[in-house]
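Each residue of the sequence shown is one higher than the last, beginning at 326 in our numbering.
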Amino acid sequence: MRRELKETWKKGLSVLCAVSLTVAGVAGCGSAKTTGETAATTTAAVTNEAVAEGPVVNQKDSENKTAVKREVINVGIEADPGDLSPWGPNNTGRTATSDCIYENLAHCIDGEIHGVLMKDYELAEDESYMTVHIYDYIYDSAGNHMTASDVKFSFEKCVEIGNIYGLSYIENVEVIDDYTVQFNFNTTLYVYDLETLFETFYVVTEAAYEASPDGMAATPVSTSPYKVTDYVSGYILTLEKTDSYWQTDESLINPRDRANVDKINYYIITESSQMTTALENGSIDMSWAVRTDDLPSFQEGGAKAGDFWVYQVPDNLVSQIFCNCSEDKLTSNVDLRKAIYYAIDANMILQSVYNGNGIVTHDVARPKCPDYAEEWANEDNYYSFNLEKAKEHMAASGYKEGEVTLSLMCEATDAMSDTAVLIQALLEQIGVKVDINSVESSLLSTYQKDPTAWDLLIISKAASNYVTTCWKNCFSQTYFTWGGTINFAYDDELQKRIDAARLLSTHTDETVQAAHDYIIDMAYGHGLINYYNNLIIPKSCSEVVLSYKNAIMPGACTYTE
């Protein structure tokens with residue numbers, strides 16, 4: 326499949342023209358750089374009209390405004406959640422909504438743990454287990470009383486369903502008493518393991534889950550201050566404030582768990598131009614999915630600046646491309662993988678797809694991670710676009726131009742699909758043909774687990790805390806149920822290096838560098854862009870609250886007169 330990329334200007338890159346994705350068009354622009362000398366990486370100027378502190382973003386000069394409760398807020402999201410169940414497959418639509426539907430044990434904010442369902446916890450001195458105490462007065466919206474057995478049930482069901490990875494270090498969960506559970510670990514703890522446990526899986530009551538006719542796919546019941554009252558796939562998801570939220574002690578309610586709106590309507594708008602139009606005509610009140618070239622209308626001096634304010638925040642996601650390493654795939658050839666990666670110009674993707682609204686990354690993790698090395702930007706490897714080296718590795722792979730046709734799978738969003746089209750054209754310069762399969766968000770997680778479904782995969786994957794955590798999420802063979810990496814590589818040396826970099830006792834600059842080097846030597850993955858989200862917020866919202874996934878939590882925001 327071949328899609329046409331909308332013509333966009335490469336701001337700040339005089340060597341690049343507006344791209345029309347024909348082979349001649351890309352060759353005419355991209356082939357001007359056939360060595361590692363690419364145009365300097367640039368980012369769009371971020372002129373935020375707000376100040377952030379933890380998960381809360383305060384509109385500038387809003388201190389004297391009077392907070393009020395709001396009846397309805399209409400929010401535009403760019404993808405359909407598809408499946409509302411607590412442990413369903415991850416996608417962009419679920420990222421935007423699931424933290425408002427369900428609750429987990431705790432929030433982890435700036436290195437601190439803030440309990441939600443969890444009252445407190447104790448880690449054994451030898452770190453072999455952790456004891457968690459939950460509040461004894463938790464009830465879901467159906468009136469079911471939550472106890473420790475529900476925590477055990479939720480964890481085991483989450484693992485059984487298999488969409489949530491990264492919990493294999495937990496051997497089992499024991500119920501100690503009605504409100505105490507013990508998580509027993511089967512390995513030494515790694516960097517960010519506890520935070521992963523607290524944030525990764527949602528907890529629901531077994532009674533509510535078993536009573537649901539569809540495993541809560543369309544009929545969630547949770548302990549959240551909001552409940553789902555309407556869901557029409559492809560159109561709208563409606564949440565309404567419950568009248569019986571279990572946590573009544575205001576001092577224990579985290580900003581993310583506030584309920585300042587009676588009704589939240591999420592409108593599913595997959596076309597970016599329609600999202601902008603919906604904001605301009607008042608059909609929706611806010612969105613975090615507006616393209617950069619549409620921002621001027623909402624910024625100072627713009628036609629709608631009197632109604633909105635803008636905040637740009639680096640996403641916790643990085644767009645990435647992976648080659649399938651299964652033995653029967655052409656891309657199991659390391660030289661072919663390197664040829665593909667050298668032929669990709671990430672800076673061109675940043676400018677043409679994201680309009681400069683982000684930053685090129687030199688690992689699969691995002692540059693804001695504390696263990697990300699600034700020196701990686703200057704290394705001589707396939708993160709520097711180099712068409713000559715791409716052709717050298719193509720020759721070394723044993724394949725000639727025109728002999729390789731690969732299937733590329735991506736999420737059917739504008740950004741991912743446009744990235745796929747640009748990569749399709751770039752790879753034609755080295756004689757690799759690409760067939761694109763854009764998959765709906767609700768199906769992507771299922772298809773990407775099938776080693777026969779794709780040769781190349783473009784996804785956006787969370788990389789919000791440590792580089793080593795992102796490596797775990799992409800490459801740890803203990804993370805995925807099939808015992809390999811995200812792209813079906815089975816490599817003990819890779820696992821050894823990642824483990825050394827992730828262990829609390831051996832997490833050093835040297836072990837991180839060793840793992841980073843090996844991933845590149847074997848061409849196991851290629852990070853592309855850590856992009857910025859453009860939050861368009863109504864002037865009547867003085868304080869925006871973000872989830873740990875950097876999605877707006879509309880009910881938790883503060884609204885003014």
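Think of the CB as a built atom: it goes at the ideal place given N, C-alpha and C, for glycine as much as any other residue.
- Within 10 angstroms of the beta-carbon of D475 lie 16 or more other beta-carbons, which makes it buried.
- For C799 and T885, the gap between their C-alpha atoms comes out near 42 Å.
- Pairing H458 with A473, the inter-Cα distance amounts to about 8 Å.
- Residue pairing from DSSP places T505 in a beta bridge opposite H458 and D502.
- For T567, the closest of Y556, G559, E499 and R583 by C-alpha to C-alpha distance is R583.
- Per DSSP, the continuous alpha helix (DSSP H) segment holding C795 begins and ends at V792 to F800.
- Rounded to whole angstroms, the gap between the alpha carbons of T602 and Q637 is 19 Å.
- Contact between D518 and Y494 holds: their C-beta atoms lie close to 6 Å from each other, under 8 Å.
- The residue from V397, A392, D408 and E396 with its alpha-carbon nearest to that of E765 is D408.
- When DSSP states are grouped into helix, strand and coil, D518 belongs to the helix group.
- In terms of Cα proximity to N762, the closest of Q754, G756, Q749 and E753 is Q749.
- Counting of Cβ neighbours within 10 angstroms places L661 among the buried residues, the total reaching 16 or more.
- A668 counts as buried, since no fewer than 16 other beta carbons sit within 10 angstroms of its beta carbon.
- In the same chain as K588, and ignoring 5 residues on each side of it, the C-beta atoms closer than 6 Å to its own belong to V397 and E565, in chain order.
- Contiguous alpha helix (DSSP H) elements confined to the region 578-657 occur at 597-605, taking only those with 4 or more residues.
- Here the C-alpha atom of P538 lies approximately 25 Å from the C-alpha atom of Y592.
- Counting every other CB atom within 10 Å of its CB across the protein chains shown gives T530 a total of 16 or more, marking it as buried.
- In its chain, beyond the 5 residues on either side, A698 have a beta carbon closer than 8 Å to the beta carbon of Q838.
- For the pair of segments examined, the region 444-464 was found to touch the region 494-506: the number of CB pairs separated by less than 8 Å reaches three.
- The Cβ atoms of D705 and G559 lie no closer than 7 Å to each other.
- Taking 8 Å as the upper bound for CB-CB distance, Y724 and H851 are not in contact here, some 19 Å apart.
- Only residues of its own chain outside the window of five on either side were considered, and among them V498, E499, V500 and V506 have a CB closer than 8 Å to the CB of K477, listed in chain order.
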